[in-house]
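Participant: Right, I'll just put the structure down here and ask away after.
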Amino acid sequence: MTTDTPITDTPTTTAPTTTAPTTGTPAVRTGIDGTSHPREAVLAWELDRARAALRLLKQRLGDDRIRELLAPDTAAADAALAGWARASAGRWRTAVTELTAPGIDAERFLTWWQGRLRAGDRAALLAANPEHYLADSTGERVEIIETIGTGPARFFLHFHDDVPIAAPDHAAFPVRIGGTGTLADGTEVLRVMHEFADTPDGLRIRLTVQFPEAAPEHLATGHQWHFACEFANWLEAAHRA
Numbered sequence: 474m475t476t477d478t479p480i481t482d483t484p485t486t487t488a489p490t491t492t493a494p495t496t497g498t499p500a501v502r503t504g505i506d507g508t509s510h511p512r513e514a515v516l517a518w519e520l521d522r523a524r525a526a527l528r529l530l531k532q533r534l535g536d537d538r539i540r541e542l543l544a545p546d547t548a549a550a551d552a553a554l555a556g557w558a559r560a561s562a563g564r565w566r567t568a569v570t571e572l573t574a575p576g577i578d579a580e581r582f583l584t585w586w587q588g589r590l591r592a593g594d595r596a597a598l599l600a601a602n603p604e605h606y607l608a609d610s611t612g613e614r615v616e617i618i619e620t621i622g623t624g625p626a627r628f629f630l631h632f633h634d635d636v637p638i639a640a641p642d643h644a645a646f647p648v649r650i651g652g653t654g655t656l657a658d659g660t661e662v663l664r665v666m667h668e669f670a671d672t673p674d675g676l677r678i679r680l681t682v683q684f685p686e687a688a689p690e691h692l693a694t695g696h697q698w699h700f701a702c703e704f705a706n707w708l709e710a711a712h713r714a
């Protein structure tokens, strides 16, 4: 992994497009043992196998090798994040992602998710997002290497009760779990608030992230999609469990 795409570059990840294929794109179909399968079926198979391949590589590399391989990237991210924190002088940019999930409630999900954090279950924590490179959890603190912006960043997420994030309707969420992310030197570079509420149909989750105001906007918008990916995968894993 190199630093050819530093954290300050224009983001390379955007929201999924819903536009029609360009003229001339072949409508590929696959035949296997006499059964015809659309392109979407092959893409679903590819996604499943890509996840399996990533899981195997991360397991084989291990935490120490991941830290070593990504050290140039995380050093660059440290410098950028610390600079934005200084320039922001305590001001923050906020971004929110919401999910709903029928068939599961807050107690069931949180029992599973917090159990994975307490157990330091790397398989479950890393599998939630392809850009989770390291998740070394003690339950109260998680050392994380994941993509922030356009490249890997390393921070330490500390869960605690007095995180200063409160939307006007926060009372609608009975369970609120906040945390702050710091660099190795203690510089605070992000804040999160995970909120949970049961509904007649299932579970509602509101996920808030704050980055220093001086940071590029794509850090916040990119993390909205990051949250959407990881929590949807965790919800599905909790439901299966």
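Just so it is clear: in the sequence shown, position 209 is 682 by my numbering, and no numbers are missing. Where is the CB? At the ideal position from N, CA and C, for every residue including glycine.
Cα separation between A553 and E686?
Facilitator: For the purposes of this step, residue 553 is taken as residue 80 along the sequence shown, with counting starting at 1. For the purposes of this step, residue 686 is taken as residue 213 along the sequence shown, with counting starting at 1. Taking the straight line from one Cα to the other gives about 13 Å.
Participant: Use the C-beta contact count for Q532: other C-beta atoms within 10 angstroms, 16 or more gives buried, fewer gives exposed.
Facilitator: Taking the sequence shown and counting its residues from 1, the one referred to as residue 532 is at position 59. Classification of Q532: exposed, given that the 10 Å Cβ count is below 16.
Participant: Can you say whether Q587 is buried or exposed, counting buried as having 16 or more other CB atoms within 10 angstroms of its CB?
Facilitator: Walking along the sequence shown from the start, residue 587 turns up at place 114. Q587 comes out exposed.
Participant: Using DSSP bridges, identify the partner residues of V648.
Facilitator: Translated into the one-based positions of the sequence shown, residue 648 becomes position 175. Per DSSP, F669.
Participant: Put A568 into one of helix, strand or coil per three-state DSSP.
Facilitator: Taking the first residue of the sequence shown as position 1, residue 568 is located at position 95. Here A568 sits in strand by DSSP.
Participant: Closer than 7 Å by C-beta to L598: which residues in its own chain qualify, once you throw out the five before and the five after it? Chain order, please.
Facilitator: Within the sequence shown, numbered from 1, the residue matching residue 598 stands at position 125. Around L598: R589, H605, A608, S610.
Participant: Give a yes or no on whether the C-beta atoms belonging to I557 and A688 are separated by under 8 Å.
Facilitator: Position 84 of the sequence shown, counting from 1, holds the residue named residue 557. Position 215 of the sequence shown, counting from 1, holds the residue named residue 688. With the sequence shown as reference, residue 557 is identified as Trp, and Ile is not the correct amino acid for it. Result yes, Cβ atoms of W557 and A688 sit closer than 8 Å.
Participant: Would you identify the three-state DSSP class for T694, choosing helix, strand or coil?
Facilitator: On the sequence shown, position 221 is the one that residue 694 refers to. Here T694 sits in helix by DSSP.
Participant: In or out: D546 buried (at least 16 other Cβ within 10 Å) or exposed?
Facilitator: Within the sequence shown, numbered from 1, the residue matching residue 546 stands at position 73. Classified as buried, D546 has 16 or more neighbouring CB atoms from the shown chains inside 10 Å of its CB.
Participant: Mapping the DSSP letters down to three states, classify G535 as helix, strand or coil.
Facilitator: The residue given as residue 535 occupies position 62 in the sequence shown. Three-state DSSP puts G535 in a helix.
Participant: Would you kindly work out how many angstroms separate the C-alpha atoms of Q683 and R627, rounded to a whole number?
Facilitator: Your numbering for residue 683 matches position 210 in the sequence shown. Your numbering for residue 627 matches position 154 in the sequence shown. Cα to Cα, Q683 sits roughly 16 Å from R627.
Participant: Considering only C-alpha positions, which residue in the set A701, A657, H696, E580 is nearest to T567?
Facilitator: Counting from 1 along the sequence shown, the entry for residue 567 is found at position 94. Here the closest residue by C-alpha is H696.
Participant: Please classify W707 as buried or exposed, where buried requires at least 16 other C-beta atoms within 10 Å of its C-beta.
Facilitator: Locating residue 707 in the sequence shown gives position 234, where the first residue counts as 1. Around the Cβ of W707, a 10 Å sphere holds 16 or more other Cβ atoms; the residue is buried.
Participant: Can you grab the Cα-Cα spacing for the pair P514 / G507, in whole Å?
Facilitator: In the sequence shown, counting from the first residue as 1, residue 514 sits at position 41. In the sequence shown, counting from the first residue as 1, residue 507 sits at position 34. The sequence given here has Ala at residue 514, not Pro. About 15 Å.
Participant: Keeping to the same chain, check which residues put their C-beta closer than 6 Å to that of V564; ignore five residues upstream and five downstream.
Facilitator: Stepping through the sequence shown from its first residue, residue 564 is reached at position 91. As written in the sequence, residue 564 is Arg, which differs from the Val given in the question. E686.
Participant: For I617 and F669, I'd like the C-alpha separation in whole angstroms.
Facilitator: For the purposes of this step, residue 617 is taken as residue 144 along the sequence shown, with counting starting at 1. For the purposes of this step, residue 669 is taken as residue 196 along the sequence shown, with counting starting at 1. When the Cα atoms are used, I617 and F669 turn out to be separated by approximately 23 Å.
Participant: With a cut-off of 8 Å on the beta carbons, I'd call L630 and R649 a contact; round off their distance for me.
Facilitator: As a position in the sequence shown, residue 630 is number 157, starting the count at 1. As a position in the sequence shown, residue 649 is number 176, starting the count at 1. In fact, because the Cβ distance is near 16 Å, the residues do not count as touching under 8 Å.
Participant: Assign A608 to one of three DSSP states: helix, strand, or coil.
Facilitator: Within the sequence shown, residue 608 is the residue found at index 135, counting from 1. Of the three classes helix, strand and coil, the one that applies to A608 here is strand, per DSSP.
Participant: Tell me the DSSP bridge mates of R627?
Facilitator: Start at 1 with the first residue of the sequence shown, and residue 627 comes out as number 154. For R627, which the question treats as bridged, DSSP gives the partners I618.
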